[in-house]
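**Student:**
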Amino acid sequence: MQTPELGSADDADAVMAAAIERISRLATQGANWGNAASEPISDTSSSPDAFTPVEPASFQAAGLADTEVESLVLKFLLARGDATGRDIADQVKLPFALVDELLRELKQSQLVVHRGSAPMNDFQYQLSDLGRERGRRYSQHCTYFGSAPVALKDYIASVEIQSVSNQHPTADDLRRAFGDLLLSEAMLDRLGPAVNSGRGLFLFGPAGNGKTSIAERITATFGQEIWIPRAIGVDGEIVRLFDPVNHEEMPLPPGTGLLNRRQIDSRWVRIRRPTVIAGGELSMSQLEVTINTSTGISEAPLQLKSNCGTLVIDDFGRQRMRIDELLNRWIVPLEKRQDFLSLPNGKKIMVPFDQLVVFSTNLEPRELVDEAFLRRIPYKIEITDPSEEEFRRLFQLMGDRLGVAYRGEAVDYLIAMHFRRSHRAFRYCHPRDLLLQIRNYCKYHDRRAEMTNENFDRAVENYFAVM
Numbered sequence: 293m294q295t296p297e298l299g300s301a302d303d304a305d306a307v308m309a310a311a312i313e314r315i316s317r318l319a320t321q322g323a324n325w326g327n328a329a330s331e332p333i334s335d336t337s338s339s340p341d342a343f344t345p346v347e348p349a350s351f352q353a354a355g356l357a358d359t360e361v362e363s364l365v366l367k368f369l370l371a372r373g374d375a376t377g378r379d380i381a382d383q384v385k386l387p388f389a390l391v392d393e394l395l396r397e398l399k400q401s402q403l404v405v406h407r408g409s410a411p412m413n414d415f416q417y418q419l420s421d422l423g424r425e426r427g428r429r430y431s432q433h434c435t436y437f438g439s440a441p442v443a444l445k446d447y448i449a450s451v452e453i454q455s456v457s458n459q460h461p462t463a464d465d466l467r468r469a470f471g472d473l474l475l476s477e478a479m480l481d482r483l484g485p486a487v488n489s490g491r492g493l494f495l496f497g498p499a500g501n502g503k504t505s506i507a508e509r510i511t512a513t514f515g516q517e518i519w520i521p522r523a524i525g526v527d528g529e530i531v532r533l534f535d536p537v538n539h540e541e542m543p544l545p546p547g548t549g550l551l552n553r554r555q556i557d558s559r560w561v562r563i564r565r566p567t568v569i570a571g572g573e574l575s576m577s578q579l580e581v582t583i584n585t586s587t588g589i590s591e592a593p594l595q596l597k598s599n600c601g602t603l604v605i606d607d608f609g610r611q612r613m614r615i616d617e618l619l620n621r622w623i624v625p626l627e628k629r630q631d632f633l634s635l636p637n638g639k640k641i642m643v644p645f646d647q648l649v650v651f652s653t654n655l656e657p658r659e660l661v662d663e664a665f666l667r668r669i670p671y672k673i674e675i676t677d678p679s680e681e682e683f684r685r686l687f688q689l690m691g692d693r694l695g696v697a698y699r700g701e702a703v704d705y706l707i708a709m710h711f712r713r714s715h716r717a718f719r720y721c722h723p724r725d726l727l728l729q730i731r732n733y734c735k736y737h738d739r740r741a742e743m744t745n746e747n748f749d750r751a752v753e754n755y756f757a758v759m
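Just so we're aligned, residue 293 is where the sequence shown starts under my numbering, counting upward by one.
This is how it looks when you write it as structure tokens:
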């Protein structure tokens, strides 16, 4: 469309009318986005993600009561002292238009006052004496003033859409995920169906053969990111779900455009499909909603944080809690794919149990659990020792990776003198660990790192001294 030249008042009016029409069209489109935001939506046309949380048009559409947002705002100002309306909206992760309207109501109720003006038709807010008193009362119950929570029903709907059971990794997906490990095609063919099942998996076998390494890479076979709420709200209780320790944030790529970014509900965070690992430190309290009694803030259990991903129970059988306690706690969720959690207020809620649970152990599974539990873990895969050919190949691969020059005759010497003669079994970890010993020794003496008989003798003496 050509722009009319500003040669007359009529031409100027025509340009102004066209501009107003275009602005109205954009505003109508924005309103439609808002009206569609009563529930999280799936929009695969504009995003590779199967699920995209949309910015809510009202507190009601977000599943929030005005008092819930008021509580977060007053507690934030109580801790911060003063903040602009946009700072407050960014803190609670809600649209500025909704927060601005609430702040006007709080000012009329004499809970906040204007401390000054701010750019873009905004104000600097601080609490009045009445607002400070109410903020303290809110803080006595819970000091949390982060992102506004997402309704439990919206979270459950998001898990259903992003479920691991909807993912069907192929052989190529597994080869990519395990590309840095030396796994045979036979092993990949055993792992593939187990990963596709999205249910339970036992990895067992001798220590040092890569069970934990395999378990850590399983999630990568699903190959995409998911959206999770920063916090979940249930009847006034807030449970924090997003955990930077267990979740890797994956921001939207640049170039999605301002309007597309404004559609996203900021109460949700885009993360890589989670891999949550619990070892010998696992206790029963980590499987339940925990509350910090001094702050009143509740934290989600490990299985909730691992939804739509992988939960690895490493060194199974060596946990601080008794095995029968863990089995009794999970025997129903593993079968029904649902879990029941108790909140601090006594309410019991049903949540999805949607992850691939991987039990990794050096012990014989039949000695750890009974038949009823094993029946609920459909795949049991033994990770065996490498063959001599695989063992030699590992020295080549790890030599290139660690910068240690490969010598075939030195590897022959190592196998003959320190493995066959000692009747020592091959382990997948041995090449890496022995070559690290050689590299560190050569760095200390400022020498070129290479595989020699003398270097292997020294490495073996250190590494296998008490093994």
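For glycine and all other residues, C-beta sits at the position ideal for the given N, C-alpha and C.
Please report the distance separating the alpha-carbon of Gly471 from that of Leu483.
**Tutor:** Answer to the nearest angstrom: the Cα atoms are 14 Å apart.
**Student:** Spatial neighbours of Ala697 within its chain, please: CB distance less than 6 Å, with the 5 preceding and 5 following residues excluded, ordered by chain position.
**Tutor:** Only Glu742 meet the Cβ criterion.
**Student:** Quick one: measure Cβ to Cβ for Arg668 and Glu701, integer angstroms, because I've assumed they're closer than 8 Å.
**Tutor:** That belief does not hold up - the Cβ atoms of Arg668 and Glu701 are roughly 51 Å apart, past 8 Å.
**Student:** Using CA atoms only, rank isn't needed, just tell me which of Arg716, Leu635, Glu393 is closest to Gly588.
**Tutor:** Of the candidates Arg716, Leu635, Glu393, the one whose C-alpha sits nearest the C-alpha of Gly588 is Leu635.
**Student:** With a CB to CB cut of under 6 Å and the five nearest residues on each side skipped, what residues in its chain are close to Lys597?
**Tutor:** The answer, listed in chain order, is Asp535, Asn538, Val568.
**Student:** Shortest alpha-carbon distance to Arg621 belongs to which of Thr602, Cys600, Pro593, Gly601?
**Tutor:** Among Thr602, Cys600, Pro593, Gly601, the Cα nearest to that of Arg621 is on Pro593.
**Student:** Cβ of Ser457 within 8 Å of Cβ of Gly490?
**Tutor:** Going by C-beta atoms, Ser457 is nearer than 8 Å to Gly490.
**Student:** Taking the alpha-carbon of Ala512 as reference, which of Phe494, Ile380, Asn488 has the nearest alpha-carbon?
**Tutor:** Minimum Cα distance to Ala512 is reached at Asn488.
**Student:** Quick check on DSSP: helix, strand or coil for Leu551?
**Tutor:** Note on Leu551: pLDDT 42, under 50, position unreliable in the model; the coordinate value appears next. Note: Leu551 maps to helix in three-state DSSP.
**Student:** For Tyr755, name the three-state secondary structure that DSSP assigns.
**Tutor:** Reduced to three states, the DSSP call for Tyr755 is helix.
**Student:** Whole angstroms are fine: how far does the CA of Val643 sit from the CA of Leu633?
**Tutor:** So the two alpha carbons sit approximately 7 Å from each other.
**Student:** At the level of alpha carbons, what is the spacing between Glu680 and Leu655?
**Tutor:** Their Cα atoms are separated by approximately 24 Å.
**Student:** What are the boundary residues of the alpha helix (DSSP H) that His433 is part of?
**Tutor:** Unbroken alpha helix (DSSP H) run through His433: 421 to 433.
**Student:** Among Asp527, Leu403, Gln630, whose alpha-carbon lies nearest the alpha-carbon of Lys639?
**Tutor:** Comparing Cα positions, the closest option is Asp527.
**Student:** Expressed to the nearest angstrom, what Euclidean distance is found between the alpha-carbon atoms of Arg559 and Ile380?
**Tutor:** So the two alpha carbons sit approximately 13 Å from each other.
**Student:** CB Leu495 to CB Ser652, shorter than 8 Å?
**Tutor:** Closer than 8 Å, so yes.
**Student:** Quick check: the segment 391 to 407 against the segment 349 to 369, are there 3 or more CB pairs under 8 Å?
**Tutor:** With a cut-off of 8 Å, the segment 349 to 369 and the segment 391 to 407 count as touching, because enough Cβ pairs lie within range.
**Student:** Excluding five sequence neighbours on each side, which residues of the same chain lie with their C-beta closer than 7 Å to the C-beta of Leu694?
**Tutor:** Once the five neighbours on either side are set aside, the close Cβ partners of Leu694 are Leu727, Leu728, Arg731.
**Student:** According to DSSP, what are the bridge partners of Gln611?
**Tutor:** Bridge partners of Gln611: none, in fact.
**Student:** Since Gly492 sits in a beta bridge, which residues does DSSP pair it with?
**Tutor:** Bridge partners of Gly492: Val649.
**Student:** Tell me which residue opens and which closes the alpha helix (DSSP H) that Pro536 is part of.
**Tutor:** Premise fails: Pro536 is in no alpha helix (DSSP H) and is neither H nor E.
**Student:** Using the three-state DSSP reduction, which class does Lys639 fall into: helix, strand or coil?
**Tutor:** It is coil, neither helix nor strand.
**Student:** If we call anything under 8 Å between Cβ atoms a contact, is Phe711 one with Leu660?
**Tutor:** No, the pair does not count as a contact, with Cβ atoms beyond the cut-off.
**Student:** Would a C-beta distance cut-off of 8 Å place Asp557 and Asn599 closer than the cut-off?
**Tutor:** Taking 8 Å as the Cβ cut-off, Asp557 and Asn599 do not qualify as a contacting pair.
**Student:** Tell me which residues share the same chain as Leu369 and place their Cβ nearer than 6 Å to its Cβ, disregarding the 5 neighbours each side in the sequence.
**Tutor:** Cβ neighbours of Leu369 beyond the five flanking positions: Leu419.
**Student:** Less than 8 Å separating the beta-carbons of Arg562 and Met542?
**Tutor:** Yes, Cβ-Cβ distance for Arg562 and Met542 is below 8 Å.
**Student:** Classify Pro485 as buried or exposed, calling it buried when 16 or more other Cβ atoms lie within 10 Å of its own Cβ.
**Tutor:** Under this definition Pro485 is an exposed residue.
**Student:** In the structure shown, what three-state DSSP assignment does Arg407 receive?
**Tutor:** Arg407: strand per DSSP, three-state reduction.
**Student:** Sorted by chain position, which residues of the same chain lie with C-beta nearer than 6 Å to Arg724's C-beta, five sequence neighbours on each side aside?
**Tutor:** The answer, listed in chain order, is Met690.
**Student:** For the alpha helix (DSSP H) containing Arg658, name the first residue and the last one.
**Tutor:** Per DSSP, Arg658 belongs to the alpha helix (DSSP H) from 657 to 660.
**Student:** Measure the C-alpha to C-alpha separation of Asn754 and Ser714 and round it to an integer number of angstroms.
**Tutor:** Rounded to whole angstroms, Asn754 to Ser714 spans 16 Å at the Cα level.
**Student:** Please report the residue range of the beta strand (DSSP E) in which Gly601 lies.
**Tutor:** Segment 601 to 605, the beta strand (DSSP E) holding Gly601.
**Student:** Closer than 7 Å by C-beta to Ala757: which residues in its own chain qualify, once you throw out the five before and the five after it? Chain order, please.
**Tutor:** So the list is empty, once near-sequence residues are dropped.
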